[in-house]
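See structure below.
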Amino acid sequence: MYPKPSTSRDDQPNRWRIEVRGHPARVKNIRWREAIRDEVRSTYPRAPFPYPPLETKFDVEVTFRMTPKDLDKPALDLDNLVKPVLDTIFTSQNVSPEVTGVLFPVNDTWVFRLVLEKARVETPQDQGADITVTLHPPGTPDLSPASASTSV
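Using numbering that gives the first Met the number 0, you'd call the opening residue of the sequence shown number 0 and step up by one each time.
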């Protein structure tokens with residue numbers, strides 16, 4: 000059974016926060032995936048967590064912390080940067096078993112909401128990503144604030 004949103008237990012929180020530092024976000028780089036995996040293992044030694052109930056929804060927020068040099072590269076699109084993050088946190092059939100499903104053993108099709116941004120940092124030691132994963136149990140309504148509001 001998963002904890003209620005107000006829980007603060009470190010072994011199975013309702014909101015998982017992973018801060019990867021000292022590694023540039025890359026689309027096709029095993030070292031980037033390993034850095035995410037290693038930070039998950041360091042922060043949550045009991046991960047991967049149990050298979051959640053069917054109809055569970057996740058939302059994922061990622062802030063890519065990038066140096067000015069990386070921000071100037073036109074090929075570092077947010078949509079491309081988030082794919083390796085999701086395929087590492089959740090499972091993917093196209094990724095090495097050592098670096099997939101490190102937080103949850105479910106496919107990223109269970110992700111119903113993504114919030115992405117780039118943030119400027121000045122040093123390579125500060126680059127990386129801030130990743131927050133939130134679990135919403137079965138029966139949770141759509142996660143978009145717009146879908147929850149009514150039009151006038």
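From the three backbone atoms N, C-alpha and C, an ideal C-beta is built for every residue, glycine too.
These numbers were taken from a predicted model, which means no experiment stands behind them.
For K117, the three-state secondary structure derived from DSSP is strand. Spatial neighbours of R16 in its own chain (CB-CB distance under 6 Å, excluding positions within 5 residues in sequence) are listed in chain order as T131.
According to the DSSP secondary-structure assignment, A128 is paired through a beta bridge with V19, F63. V61 and V39 do not touch by the CB rule: their CB atoms are close to 14 Å apart, not below 8 Å. Taken through DSSP and simplified to helix, strand or coil, R30 comes out as helix. In the DSSP assignment, P83 falls within the alpha helix (DSSP H) that extends over 77-88. For P104, same chain residues with a beta-carbon under 7 Å away, outside a window of 5 residues either side, are P47, Y50, T90 in chain order. Linking T42 to V98 through their CA atoms gives a straight-line distance of about 16 Å.
The Cβ-Cβ distance between F111 and K68 does not fall below 8 Å.
Each residue's CA atom was taken as its position, placing W109 and E54 some 8 Å apart. Looking at the backbone, the Cα of V26 and that of R14 are separated by about 25 Å. The C-beta separation of L70 from R119 comes to about 6 Å, placing the pair in contact by the 8 Å criterion. A distance below 8 Å separates the beta carbons of L102 and I88. Under DSSP, F57 forms a beta bridge with V110, L134. With respect to D129, E18 sits close: the two C-beta atoms are nearer than 8 Å. Scanning its chain for C-beta atoms nearer than 7 Å, with the 5 sequence neighbours on each side dropped, one finds around Q124 the residues R20, G21, in chain order.
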